[in-house]
Amino acid sequence: DAMVIQNPRYQVTQFGKPVTLSCSQTLNHNVMYWYQQKSSQAPKLLFHYYDKDFNNEADTPDNFQSRRPNTSFCFLDIRSPGLGDAAMYLCATSSGKRAGAFTDTQYFGPGTRLTVL
Amino acid sequence: RKEVEQDPGPFNVPEGATVAFNCTYSNSASQSFFWYRQDCRKEPKLLMSVYSSGNEDGRFTAQLNRASQYISLLIRDSKLSDSATYLCVVSWGADDKIIFGKGTRLHILP
Chain A
1 DAMVIQNPRY
11 QVTQFGKPVT
21 LSCSQTLNHN
31 VMYWYQQKSS
41 QAPKLLFHYY
51 DKDFNNEADT
61 PDNFQSRRPN
71 TSFCFLDIRS
81 PGLGDAAMYL
91 CATSSGKRAG
101 AFTDTQYFGP
111 GTRLTVL
Chain B
1001 RKEVEQDPGP
1011 FNVPEGATVA
1021 FNCTYSNSAS
1031 QSFFWYRQDC
1041 RKEPKLLMSV
1051 YSSGNEDGRF
1061 TAQLNRASQY
1071 ISLLIRDSKL
1081 SDSATYLCVV
1091 SWGADDKIIF
1101 GKGTRLHILP
């Protein structure tokens, strides 16, 4: 059974047209993450939520926003996608029970591949 | 020095052989270490956590060398299904930082 679900799996948008990617989890984990991964590159953390606390990485562009309305769901909003935003977007969760947000195993969703035309 | 460095490979290894690769990290305060496996166009999946005492899971052995600031992954009796990219992940809690390496590509040859 899928534990971290991402929708849609493939998303095509036009340059400058806002897009929202969705992630849900059945693990009841405290922490949810959004990563951007471009071809042959490492996943790059954009931000994470520790419960309701939002933590933005210093180098994440303002164009990227996130919402977590409840424990199960987290959204990534790209306000004005550029060609450089085409990538795989990975959502991940971790229990957050140990000290520090990043000391636990992360469980990844299958990703959403974003194409910008 | 990059925060987390891996040899990108590819490592082309015959089936049944043993292969090992390392990952170096720059922050001596790093506290958590992981190896993730990522298949082509798929999501990363945890292979194993890396503990100070080292750990072994079947054909896979991970080691941590704090003095030299690297972790290693050893795969024995390699299988075709081991072909993947292996990502090194390092985190430290002081400022809640996590860094993924770019990965090492492994091709097991029949």
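Same order as they appear, the protein sequences are chains A and B. Heads up: the first sequence runs through residues 1 to 117, numbered per the working numbering. Heads up: the second sequence runs through residues 1001 to 1110, numbered per the working numbering. Every residue gets a Cβ at the ideal spot worked out from N, C-alpha and C, and that includes glycine.
Rounded Cβ spacing between residue i and residue j (contact assumed at less than 8 Å)
{"i": "residue 1186 of chain B", "j": "residue 1101 of chain B", "result": "Nothing can be reported for residue 1186 of chain B, as the shown portion of chain B is limited to 1001 through 1110."}
{"i": "residue 1064 of chain B", "j": "residue 1033 of chain B", "result": "6 Å"}
{"i": "residue 1069 of chain B", "j": "residue 1024 of chain B", "result": "6 Å"}
{"i": "residue 120 of chain A", "j": "residue 37 of chain A", "result": "This structure leaves residue 120 of chain A out entirely; chain A is present only between 1 and 117."}
{"i": "residue 1042 of chain B", "j": "residue 1036 of chain B", "result": "Actually they are not in contact, since the Cβ atoms of residue 1042 of chain B and residue 1036 of chain B sit about 11 Å apart, beyond 8 Å."}
{"i": "residue 1072 of chain B", "j": "residue 1022 of chain B", "result": "5 Å"}
Beta carbon proximity, residue i to chain B, threshold 7 Å
{"i": "residue 96 of chain A", "result": "no"}
{"i": "residue 86 of chain A", "result": "no"}
{"i": "residue 90 of chain A", "result": "yes"}
CB contact below 7 Å: residue i versus chain A
{"i": "residue 1002 of chain B", "result": "no"}
{"i": "residue 1046 of chain B", "result": "yes"}
Where residue i meets chain A, residues with beta-carbon distance less than 8 Å
{"i": "residue 1049 of chain B", "result": "105"}
{"i": "residue 1087 of chain B", "result": "42 and 43"}
Under 7 Å by beta carbon: chain A residues contacting residue i
{"i": "residue 1043 of chain B", "result": "90, 108, 109, 110 and 111"}
Chain-ordered neighbours of residue i on chain B, where CB pairs are closer than 8 Å
{"i": "residue 41 of chain A", "result": "1102"}
Cβ pair residue i, residue j closer than 7 Å
{"i": "residue 84 of chain A", "j": "residue 23 of chain A", "result": "no"}
{"i": "residue 1088 of chain B", "j": "residue 1006 of chain B", "result": "yes"}
{"i": "residue 21 of chain A", "j": "residue 90 of chain A", "result": "no"}
{"i": "residue 73 of chain A", "j": "residue 46 of chain A", "result": "no"}
{"i": "residue 1108 of chain B", "j": "residue 1015 of chain B", "result": "yes"}
{"i": "residue 13 of chain A", "j": "residue 4 of chain A", "result": "no"}
{"i": "residue 112 of chain A", "j": "residue 11 of chain A", "result": "yes"}
{"i": "residue 33 of chain A", "j": "residue 48 of chain A", "result": "yes"}
Neighbouring residues, chain B, relative to residue i (Cβ below 7 Å)
{"i": "residue 45 of chain A", "result": "1098"}
Strand pairing of residue i, partner residues [DSSP]
{"i": "residue 28 of chain A", "result": "In DSSP, residue 28 of chain A forms no bridge with anything."}
{"i": "residue 50 of chain A", "result": "A:31 and A:53"}
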